[in-house]
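Peer 1: Each residue of the sequence shown is one higher than the one before, starting from 143 at the first, in this note's numbering.
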Amino acid sequence: MKFLFSLFLLTFFSFMPAFSQITELKPGAASRNEQSEAGIQFFHGSWEEVLKESNTKNKPIFIDVFTSWCGPCKKMARDVFTQPNVGDFLTNTSLTIK
Numbered sequence: 143m144k145f146l147f148s149l150f151l152l153t154f155f156s157f158m159p160a161f162s163q164i165t166e167l168k169p170g171a172a173s174r175n176e177q178s179e180a181g182i183q184f185f186h187g188s189w190e191e192v193l194k195e196s197n198t199k200n201k202p203i204f205i206d207v208f209t210s211w212c213g214p215c216k217k218m219a220r221d222v223f224t225q226p227n228v229g230d231f232l233t234n235t236s237l238t239i240k
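(1) With the cut-off set at 8 Å, would you say Val228 and Gly187 are in Cβ contact?
(2) Please look up how many angstroms separate the CB atoms of Glu195 and Leu237, rounded, as I've assumed it's under 8 Å.
(3) Note the first and the last residue of the continuous alpha helix (DSSP H) segment covering Thr209.
(4) Run the CB neighbour count on Phe223, radius 10 Å, all protein chains shown included, and call it buried at 16 or more, exposed below.
(5) Can you look up Thr235 in the DSSP assignment and give me helix, strand or coil?
(6) Using only alpha-carbon positions, find the residue among Leu146, Lys199, Phe184 that is nearest to Val207.
(7) Suppose you measure from the CA of Met143 to the CA of Ile239; what does that come to, to the nearest Å?
(8) List the endpoints of the continuous alpha helix (DSSP H) containing Lys240.
(9) With distances taken Cα to Cα, identify the nearest neighbour of Lys201 among Asn234, Arg220, Leu149.
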């Protein structure tokens, strides 16, 4: 039984590096905390504030659901959400929250 448990632990920890992600900023890349002028400007506030603002402006709510480990989410944030035409469209037609 000890052998099987040891084998399980060895197998489990040998695959850990494959699932971990090390993210490094490329030279000249903006950090996550920096906001660019172009692209989507996400609403910052509580859910109640978002609902109130949505009702006041009569706009639907666009919710960006993401995780830190999601590759397509990072690609969307980097390549799509920073485009001026996407930002202008979503800002004019909806409230965007992340």
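We put the CB at the ideal spot given by N, CA and C, even for glycine.
Note that the coordinates shown come from a computational prediction; the quantities given were computed from them, not determined experimentally.
Peer 2: Result, derived from the coordinates:
(1) By 1-based counting over the sequence shown, the position of residue 228 is 86. By 1-based counting over the sequence shown, the position of residue 187 is 45. Going by C-beta atoms, Val228 is not nearer than 8 Å to Gly187.
(2) By 1-based counting over the sequence shown, the position of residue 195 is 53. By 1-based counting over the sequence shown, the position of residue 237 is 95. About 6 Å; that satisfies the 8 Å criterion.
(3) For this step, residue 209 is matched to residue 67 along the sequence shown. Unbroken run through Thr209: none, as it is neither H nor E.
(4) If you number the sequence shown from 1, residue 223 lands on position 81. So Phe223 ends up on the buried side.
(5) Residue mapping note: residue 235 aligns to position 93 of the sequence shown, counting from 1. The answer is helix: DSSP assigns Thr235 an H, G or I state.
(6) Looking up residue 207 in the sequence shown gives position 65. Of the candidates Leu146, Lys199, Phe184, the one whose C-alpha sits nearest the C-alpha of Val207 is Phe184.
(7) Counted from its first residue, the sequence shown places residue 143 at position 1. Counted from its first residue, the sequence shown places residue 239 at position 97. Between Met143 and Ile239, the C-alpha separation is close to 51 Å.
(8) In the sequence shown, the residue the question calls residue 240 occupies position 98. Neither: Lys240 is in no alpha helix (DSSP H) and is coded neither H nor E.
(9) Here residue 201 refers to the residue found at position 59 of the sequence shown. Lys201 has its Cα closest to that of Asn234, out of Asn234, Arg220, Leu149.
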